[in-house]
Each structure stands twice: as C-alpha cells, then as structure tokens.
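Note that the sequence shown covers residues 25 to 95 in the working numbering.
Ideal placement from N, C-alpha and C gives every residue a C-beta, glycine not left out.
What follows is a short report on a single structure.
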Amino acid sequence: MINIQSKNRVLVPEAEAALEQFKYEVANEIGVQVPPTGYWGNMTSRECGAVGGYMVKKMVEAYERSLAQRK
C-alpha cells in the first residue's frame, strides 16, 4: 500500500524556489491574476487547479522531450 500524505511537499528541496517561480510563470501564461501579495487563498479552486494542471502538463512534456532526446 502506498502511503499518501495529505500535505503537499516538495520532493527535492533544492527545487522549491524554481517551482514557485514556475507556478507564477504558468499563472501568467494562462491568464490567472495572482495578487501582488502572492496570497492564493482568495482565488477560486478552478483557478488554482488550472495552474496546477498546466504545471503538470508542462513538466510531463519536458520529461517526454528529454526521453526523446536520449534515443
């Protein structure tokens, strides 16, 4: 059985700052307005989900490209 923790956490701590910047880049790219304070709590679940979903899509795409370059 897989142990799933309820809190999101960065698996590679050294990547935390880059992931945070990536989140804002993706939000800007898809037109989600993040308040200047950086507080995401007033945003809708749909907006946050769109950002997270697009982040995953872009990360999978980048990994697939890296796999294709290996051949």
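In or out: V75 buried (at least 16 other Cβ within 10 Å) or exposed? Within 10 angstroms of the beta-carbon of V75 lie 16 or more other beta-carbons, which makes it buried.
Candidates K95, M79 and A92: closest to Y48 by CA position: M79
Nearest candidate by alpha-carbon position, reference E53, set E71, S90 and R33: With distances taken between CA atoms, E53 lies nearest to E71 out of E71, S90 and R33.
S69 to R33, Cα distance in whole Å? Annotation: S69 to R33 spans about 19 Å, alpha carbon to alpha carbon.
Leaving out five residues before and five after A92 in sequence, what residues of the same chain have Cβ atoms less than 7 Å from its Cβ? none
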